[in-house]
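The block underneath contains the structure these notes are about, expressed in structure tokens.
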Amino acid sequence: MDKIQINGGRQLKGEVFISGAKNAALPLIASSILVDGVSTFENVPRLMDISSIFMLLEDLGASCEFEGHTFTVDGAGINKIEAEYELVRKMRASILVLGPLVARFGRAKVSMPGGCAIGARPVNMHLSGLEALGATISIAGGYIEATAEGGLTGNEVYFDIPTVTGTENLMMAAVLAQGQTKLRNAAREPEIICLADALNKMGANIRGAGTTIITIDGVSRLHGATCRVIPDRIETGTFLAAAAATKGDVVVRDCVPDHLGGVISKLKATGAVVDTFEDRIHIKGSEIIKHIDIKTLPYPGFPTDMQAQFMALMTIAQGNSMIHESIFENRFIHANELLRMGADIKISGGNIANVRGVSHLQGAPVMASDLRASASLVIAGLIAQGTTVISRVYHMDRGYETIEKKFEGLGADIKRLSS
Ligand code: EPZ
Numbered sequence: 007m008d009k010i011q012i013n014g015g016r017q018l019k020g021e022v023f024i025s026g027a028k029n030a031a032l033p034l035i036a037s038s039i040l041v042d043g044v045s046t047f048e049n050v051p052r053l054m055d056i057s058s059i060f061m062l063l064e065d066l067g068a069s070c071e072f073e074g075h076t077f078t079v080d081g082a083g084i085n086k087i088e089a090e091y092e093l094v095r096k097m098r099a100s101i102l103v104l105g106p107l108v109a110r111f112g113r114a115k116v117s118m119p120g121g122c123a124i125g126a127r128p129v130n131m132h133l134s135g136l137e138a139l140g141a142t143i144s145i146a147g148g149y150i151e152a153t154a155e156g157g158l159t160g161n162e163v164y165f166d167i168p169t170v171t172g173t174e175n176l177m178m179a180a181v182l183a184q185g186q187t188k189l190r191n192a193a194r195e196p197e198i199i200c201l202a203d204a205l206n207k208m209g210a211n212i213r214g215a216g217t218t219i220i221t222i223d224g225v226s227r228l229h230g231a232t233c234r235v236i237p238d239r240i241e242t243g244t245f246l247a248a249a250a251a252t253k254g255d256v257v258v259r260d261c262v263p264d265h266l267g268g269v270i271s272k273l274k275a276t277g278a279v280v281d282t283f284e285d286r287i288h289i290k291g292s293e294i295i296k297h298i299d300i301k302t303l304p305y306p307g308f309p310t311d312m313q314a315q316f317m318a319l320m321t322i323a324q325g326n327s328m329i330h331e332s333i334f335e336n337r338f339i340h341a342n343e344l345l346r347m348g349a350d351i352k353i354s355g356g357n358i359a360n361v362r363g364v365s366h367l368q369g370a371p372v373m374a375s376d377l378r379a380s381a382s383l384v385i386a387g388l389i390a391q392g393t394t395v396i397s398r399v400y401h402m403d404r405g406y407e408t409i410e411k412k413f414e415g416l417g418a419d420i421k422r423l424s425s
């Protein structure tokens, strides 16, 4: 397994270009199942998770091509409605094929995605939403079986929690349903808007994406289209946090500043100078990093996917910071590794971390546990004195495209140790 080695202490300087968003590309590619024809997606990042959904769609009978950053799917050949455990276990976002399969074929058999390091990750709201649209759901042998003889019927669907992939799954299920569907307490992430725009380009009739109530008027069929994946707001935030932590001077290009409201205001609160332009953000880290409190919330609140990166930043802030992780039940695993580097972090009640700033971290061998935890350890390695070696970087390869090359381009002393 590959490792990443970092010799810390360098200020990041220069500009970095952001890739397409993993969490927008995955639902977009899943939506191609709805189309009996060719769909094309541009600005798709080259990541392990994209390879996983490539294999999953091919296993269903679709034919896929991935040239450069353009992903093409011909859904005409889909002849299987079963997403197998061996493929789903590699990436739990595979649950996103459930809605489209039921919508187009009236049946689907998808392995339960199971949990991951950060939490149990239930899908009960996906299933109750499909039942509201008339599907019969059964679970046997670790598989979800959904059937809707005669197709789905539009209805009201209320989410107890604004679930991101739940909203995406139900939006895709509803586009071919008979009649109108309203998704209430829907997630408002930019990735939801990106998916709705793509589906509307394919002939769907969706209104209200980005608000808490999304209205979908079912249509008889969708046609192929060319759609573009939005820039990755979490990758953007990761580089901004790294620039602030190294007290550097960085321009982040090809991003959407408006997608990072909460992150930018928190970075400014630490003392960083942040200027935003149409498609780029200029950040200058401050010599003294002020401590701040953070609570993760559904969009447009502070994103849970930026919590680990900010914890790394707060390890060298002046004073105590409180981080409240309100979305996932076990998303502080990175804290244990940061402690090994000399950080002072106390976890109370499972979802509150108190971070007392220290003068510096020391490089150490550490282990990545999940995608964003690995980003947190990279930031810690960049600011630590000495050498840090991060193992299990396959976690990082799931969601960050050539991240060590991008950091190297900003002046970091970082390299991949290939096994
Ligand atoms: C999406 O996961 C993202 N993944 C996650 O990004 C992100 O952290 C998360 O949204 C929150 O923003 C993708 O988009 C592929 P949720 P998702 O359903 O949809 C509970 C990353 O690092 N819940 O919005 O799985 C759930 O347990 C990944 O890129 C239910 O109880 O998250 C959680 O507490 C990590 N029942 C809360 O809702 C359900 O049926 C929000 O989860 C569904 C969710």
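Final position of the sequence shown in the working numbering is 425; the numbers increase by one with none missing. Ideal Cβ placement from N, Cα and C applies to all residues, glycine included. Computed from a predicted model, the values in this text were never measured in an experiment.
About 11 Å separates the Cβ atoms of LEU383 and GLY14, ruling out a contact at the 8 Å cut-off.
Inclusion of THR171 in the 7 Å shell around the ligand EPZ follows from its C-beta lying nearer than that to a non-hydrogen atom of the ligand.
Residue state for ASN326 is assigned as strand, using DSSP reduced to three classes. Within the chosen limit of 7 Å, the ligand EPZ reaches the beta carbon of PRO128 through at least one heavy atom. Look at the beta carbons and you see the region 132 to 149 not touching the region 72 to 80: under three pairs across the two are nearer than 8 Å.
In the three-state reduction of the DSSP assignment, VAL372 falls in the strand class, which pools E and B. Just so you know, the alpha carbons of VAL262 and LEU139 end up roughly 35 Å apart.
A straight-line Cα-Cα distance of about 7 Å links HIS340 and ALA314. In the DSSP assignment, LYS412 falls within the alpha helix (DSSP H) that extends over 409 to 415. VAL50 counts as buried, since at least 16 other C-beta atoms from the protein chains shown sit within 10 angstroms of its C-beta. The straight-line gap separating the alpha-carbon atoms of ALA82 and ALA231 is approximately 14 Å.
As computed with DSSP, ASP419 is found in a beta bridge with ASN13. Within the DSSP secondary-structure output, TYR149 pairs in a beta bridge with SER117, ALA146. In terms of Cβ geometry, THR321 and ARG16 do not form a close pair [threshold 8 Å].
Rounded to whole angstroms, the gap between the alpha carbons of ASP350 and ILE295 is 16 Å.
For ASN85, the secondary structure class from DSSP, reduced to helix, strand or coil, is coil. For ASN29, the distance from the CB to the nearest heavy atom of the ligand EPZ is below 7 Å.
The ligand EPZ has no heavy atom closer than 7 Å to the beta-carbon of ALA141. The DSSP assignment places complete beta strand (DSSP E) segments of no fewer than 3 residues inside the region 386 to 410 at 393 to 397, in order along the chain.
Under the DSSP assignment, GLN186 falls in the beta strand (DSSP E) whose first and last residues are 186 to 190.
PRO309 sits in coil when the DSSP states are folded into three classes, being neither helix nor strand.
Residue nearest to HIS288 within the set ILE270, ILE222, HIS366 is ILE270 (criterion: CA-CA distance). Under the DSSP assignment, GLY20 falls outside any alpha helix (DSSP H), being part of the beta strand (DSSP E) whose first and last residues are 19 to 23. Ranked by how close their Cα comes to the Cα of LYS86, the residues ARG95, VAL103, ARG98, GLU71 have VAL103 in first place.
Under DSSP, the beta-bridge partners assigned to PRO237 are GLY26. Between the C-alpha atoms of LEU228 and LEU176 there is a straight-line separation of about 16 Å. Put simply, the backbone Cα of GLN391 is about 6 Å away from that of GLY369. A distance of 8 Å or more separates the beta carbons of ARG337 and ILE101.
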